[in-house]
Every structure is written in C-alpha cells, then in structure tokens.
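Colleague:
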Amino acid sequence: MKKKVATIATAAILSSAFASTAFADTYTVKSGDTLSHIARNHSITVSKLKSLNGLSSDLIFPNQKLTVSKTTEVQPSTPAPSAPSTTTNTGTSTYTIKSGDTLSAIASKHKVTVAKLKSWNKLTSDLIFPGQKLSVSDPAKGTTTAPAPSAPQAPSTGSTAPAPSNETATTVYYKIKAGDTLGKIAQQHKMTVTQLKALNNLSSDLIYAGKTLKVSGQVTISEPEKEVAASNSADQLIKDAKALLGTPYVWGGSSTKGFDCSGFINYVYNKSGKGLVRTSADGYFNRSYYVDKPQPGDLVFFANTYKKGISHVGIYLGNNEFIHAGNDKVEISSLTNTYYKKHFESFKRFY
C-alpha cells in the first residue's frame, strides 16, 4: 500500500446533551471527540455518560454540551426557556422541533423515553427536522402539560430566505456561496449531511454556488425506503469491491488499471452511487462519522503507517476483515494482523 493504518478510537455520533439537574458538570464537545474518550477523561463509563445525557446513540457534534457528572437531583426553580409545547384539542401535548434538537433531548425534556416518543409519532428512525411537530404525551391518554416559554431564535448565519409561496411556512432555503460544502452548510444549520441530502433529494455531494438548498422542512423519502436502500447499497458495494481483488497497487490510481487506498474507496463508492469527490484517506476521514458497531460497507481507518496521522483506509467486510488497496494489489486483510492491529484508528461511516 505505501499507506497502511492507528490507535483504537471507538466512536461516537450525535445527540444534543441535556442537563436536567442543577449543579451538573458539563463538557463541550471538541472536533474529534468520542463518547469513549470523554467518558475515560471524566472517569465514568460510556453507559453512564449516555444515561446522564439521555443519548440513544453514540452520535455527538462539536460544541455540543454533555453532562459529565450529576451531584444532585434538585431541579432548577425556574425552567430554562425552550421551544413552545402546545396542546391539541384531544389533550395531547405537542412540541415543535427547533434547529439542534434531537429525539433524546426532547424525550429527556418531557420526561419520556425515546422509544415512547417514536411510538407516539410513528417514527421509524431518529431523523427529525426543524418545524416538525411531535406528540410528547400518549395520544391515547390525552395527558396535558403546561406550555413552556418560547426561546428566542438566534439569527442564522449565511444567506437564508423564506420559502416560496408554494412551500410550507417552516421551509427555509440557503443560497450556496463559493467555497461551501454540504458538511459546512449542514453544520451551520445544525443538521447532518444525510438529512440535508435527503431534504433536497441529492444523490451526490456536488453543489454549485448560486443554487439554493432547503435547510428545514420535511424529508420526502420515507425512513423504511432509506433503510432498505442502505442495506442493498452495502451488499452491492461489497460485491463491486470484491470484483476488483488482484487489481495492482498504483500510487494515485483510481481506475481498474490500478488503485491506491483512497482511489479504491473513491472508485467503489462512486460505482455504488455515493458521488464522492476524489481525496485522500485523511479527507475521507474528515467527511465521515464514528461507529462503535461497524457494518459491512463501513470504512476502516489506520494511522501513522507511511506518514503521521490518518494514512490508510479500507472497506469493512465483517468478521474482522476488510478489503483495501494493499502494498501490491487490492486484497482482503484481517484486523487481527499484528501490523493492522497496531495502526488501527477507527471505524467510520460516510454522512
């Protein structure tokens, strides 16, 4: 390979931190942090950290605040302002999602479980959008809660515009500027790249200055459809990758005449419809998120091989095996191999 792969860093991925008690110590997430790193630095378990913050997954974001200790159960005398909860005619309390919200934070705020929240709203995933209304009490029981005071909305940076007359009032548009990327736009509007692409029916990451993107509203692709598509896509991706076994290693190569590690990733994922821009192993590392439980088709990264930092990448096949452009050719290797075990960095997944 000329590039091989570092250091086990298990992974994490989003959910807003939510402190519901007074005197709780908090930590602001930095770029590259994972739940396991944060838990270890504060001498608690990942399970305890997730419990303190009402997290149902390992997903976290830079600048997110996490509760890392909880010294008292005393509730604040004056509740913090939040987005308004309203009550329907049947007595069912509803909550209007605002930018940055997650199911776990909403569930914690209304003292319910994420499972109940998803059940009451017939949600098949954790994907939610600003402006969407959720039932936060059991519709069958019709319990009510007092409306919470509205939180003032901070002005959005960048070029945003109200929806055209044929769109809903909650739809907001963003005008793309030179130098923008989907990742930058998604972070600016507190959403994931996956949400942004789904909202705009994008099949690749290619965008153009002057065009507009929806940055709030309802996604038009159903979650079951996306789950089935993701499963089928992973199977096809692995099939396409294995069809290239034995292809020679070529530095900078990204065609069937020869591949280097990032060129192999670029070719295989684009063949499966991902629409990647050709970059390095480190570039793909920065546009993907950590996963603790990798699935076939996820990325596996290695560090400090032929250079310092992220320097090699392959595609995880399951059973501790991965396929990659190795020293001489595209091959399947084991993560239990002494070399790869030493340089293993993490499992990640494209946004």
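Take the working numbering: the final residue in the sequence shown is number 373, and no numbers are missing along the way.
No residue lacks a Cβ here, since even glycine has one placed at the ideal position from N, Cα and C.
#1: Just the C-alpha distance for CYS283 and ASN349, rounded to the nearest angstrom, thanks.
#2: Less than 7 Å between C-beta atoms, sequence neighbours within five positions excluded: which residues of the same chain meet that for ILE332?
#3: Whose C-beta lies closer than 6 Å to the C-beta of TYR316 among residues of the same chain, with five residues either side of it excluded?
#4: Given THR67, which residues of its chain have a CB within under 7 Å of its CB, disregarding the five upstream and five downstream residues?
#5: Compute the Euclidean distance between the alpha carbons of LEU139 and ASP227, then round it to the nearest angstrom.
#6: Determine whether the beta carbon atoms of VAL90 and HIS132 lie at a separation below 7 Å.
#7: So, do the region 46 to 61 and the region 76 to 89 have three or more beta carbon pairs nearer to each other than 8 Å?
#8: Work out the CA separation of VAL134 and GLU95 for me, nearest whole Å.
#9: Could you check whether LYS296 and ASP262 sit closer than 7 Å to each other, using their CB atoms as the reference points?
#10: So the alpha helix (DSSP H) VAL290 belongs to, where does it begin and stop?
#11: Measuring only the C-alpha atoms, how far is PRO161 from ILE198?
#12: Do SER310 and PHE372 count as a contact pair if the criterion is CB distance below 7 Å?
#13: Quick one: Cα of VAL215 to Cα of THR234, how far?
#14: Would you please state the rounded distance, in angstroms, between the beta carbons of LEU259 and TYR289? I believe it to be under 8 Å.
#15: For THR269, count the other beta carbons within 10 Å of its own beta carbon; 16 or more makes it buried, fewer makes it exposed. Which is it?
#16: Are the CB atoms of CYS218 and ALA208 nearer to each other than 7 Å?
#17: Pull the bridge partners of LYS351 from the DSSP assignment, please.
#18: So LYS329 packs on TYR271, CB below 8 Å; how close in whole Å?
#19: Please state whether the Cβ-Cβ distance between SER157 and THR116 is less than 7 Å.
#20: What whole-angstrom Cβ distance do THR118 and LYS155 have, given they're in contact under 8 Å?
#21: Span of the beta strand (DSSP E) holding SER310?
#22: DSSP on SER90, reduced to helix/strand/coil?
#23: Apart from the five residues on each side of it in sequence, which residues of its chain come closer than 7 Å, Cβ to Cβ, to GLY280?
#24: Round the Cβ separation of SER58 and SER126 to the nearest angstrom and send it over; I've been treating them as touching at under 8 Å.
#25: Can you name the residues that DSSP bridges to ARG371?
Modeller: By the coordinates alone:
#1: Here residue 283 is taken as the residue at index 261 of the sequence shown, counted from 1. Here residue 349 is taken as the residue at index 327 of the sequence shown, counted from 1. Looking at the two C-alpha atoms, the distance is approximately 9 Å.
#2: On the sequence shown, position 310 is the one that residue 332 refers to. ALA303, ASP304, PHE307, PHE323, ALA325, GLU367, listed in sequence order.
#3: What you label residue 316 is simply residue 294 of the sequence shown in a count that begins at 1. Sequence check: residue 316 is Pro here, not Tyr. Once the five neighbours on either side are set aside, the close Cβ partners of PRO316 are TYR338, PHE369.
#4: Start at 1 with the first residue of the sequence shown, and residue 67 comes out as number 45. Excluding positions up to five away in sequence, the list reads ALA61.
#5: Numbered from its first residue, the sequence shown carries residue 139 at position 117. Numbered from its first residue, the sequence shown carries residue 227 at position 205. Each residue's alpha carbon lies about 32 Å from the other.
#6: Counted from its first residue, the sequence shown places residue 90 at position 68. Counted from its first residue, the sequence shown places residue 132 at position 110. No, the Cβ-Cβ distance between VAL90 and HIS132 is not below 7 Å.
#7: yes
#8: In the sequence shown, counting from the first residue as 1, residue 95 sits at position 73. In the sequence shown, counting from the first residue as 1, residue 134 sits at position 112. Confidence is the limiting factor: at GLU95 the pLDDT is only 39, short of 50, which leaves the residue's position unreliable, though a coordinate-based value still follows. So the two alpha carbons sit approximately 17 Å from each other.
#9: Within the sequence shown, numbered from 1, the residue matching residue 262 stands at position 240. Within the sequence shown, numbered from 1, the residue matching residue 296 stands at position 274. Result no, Cβ atoms of ASP262 and LYS296 do not sit closer than 7 Å.
#10: Counted from its first residue, the sequence shown places residue 290 at position 268. Element bounds for VAL290: 283 to 293.
#11: Here residue 161 refers to the residue found at position 139 of the sequence shown. Here residue 198 refers to the residue found at position 176 of the sequence shown. Approximately 41 Å between the Cα atoms of the pair.
#12: For this step, residue 372 is matched to residue 350 along the sequence shown. For this step, residue 310 is matched to residue 288 along the sequence shown. Yes, Cβ-Cβ distance for PHE372 and SER310 is below 7 Å.
#13: Along the sequence shown, read from residue 1 onward, the residue named residue 215 stands at position 193. Along the sequence shown, read from residue 1 onward, the residue named residue 234 stands at position 212. Between VAL215 and THR234, the C-alpha separation is close to 15 Å.
#14: By 1-based counting over the sequence shown, the position of residue 259 is 237. By 1-based counting over the sequence shown, the position of residue 289 is 267. At roughly 11 Å, the Cβ-Cβ gap does not stay under 8 Å, so LEU259 and TYR289 are not in contact.
#15: Taking the first residue of the sequence shown as 1, we reach residue 269 at position 247. The residue is buried, with at least 16 neighbouring Cβ atoms inside 10 Å.
#16: Translated into the one-based positions of the sequence shown, residue 218 becomes position 196. Translated into the one-based positions of the sequence shown, residue 208 becomes position 186. Note that residue 218 is Leu in the sequence shown here, rather than Cys. Contact flag set, yes.
#17: Translated into positions along the sequence shown, residue 351 becomes position 329. Partner(s): PRO270.
#18: Position 307 of the sequence shown, counted from the first residue, corresponds to residue 329. Position 249 of the sequence shown, counted from the first residue, corresponds to residue 271. Going by Cβ atoms, the distance from LYS329 to TYR271 rounds to 16 Å, so no, they are not a contact pair.
#19: Numbered from its first residue, the sequence shown carries residue 157 at position 135. Numbered from its first residue, the sequence shown carries residue 116 at position 94. Cβ distance < 7 Å, so SER157 and THR116 count as in contact.
#20: Here residue 118 is taken as the residue at index 96 of the sequence shown, counted from 1. Here residue 155 is taken as the residue at index 133 of the sequence shown, counted from 1. Right, their Cβ atoms sit about 5 Å apart.
#21: Numbered from its first residue, the sequence shown carries residue 310 at position 288. Unbroken beta strand (DSSP E) run through SER310: 310 to 312.
#22: Counted from its first residue, the sequence shown places residue 90 at position 68. For clarity, residue 90 is Val in the given sequence; the question names Ser instead. In the structure shown, VAL90 sits in a strand (DSSP, three-state: E or B).
#23: By one-based count along the sequence shown, residue 280 stands at place 258. Hits under 7 Å: THR269, PRO270, TYR271, VAL272.
#24: On the sequence shown, residue 58 is found 36 positions in, with the first residue counted as 1. On the sequence shown, residue 126 is found 104 positions in, with the first residue counted as 1. The Cβ separation is near 18 Å, so there is no contact.
#25: Here residue 371 refers to the residue found at position 349 of the sequence shown. For ARG371, which the question treats as bridged, DSSP gives the partners TYR311.
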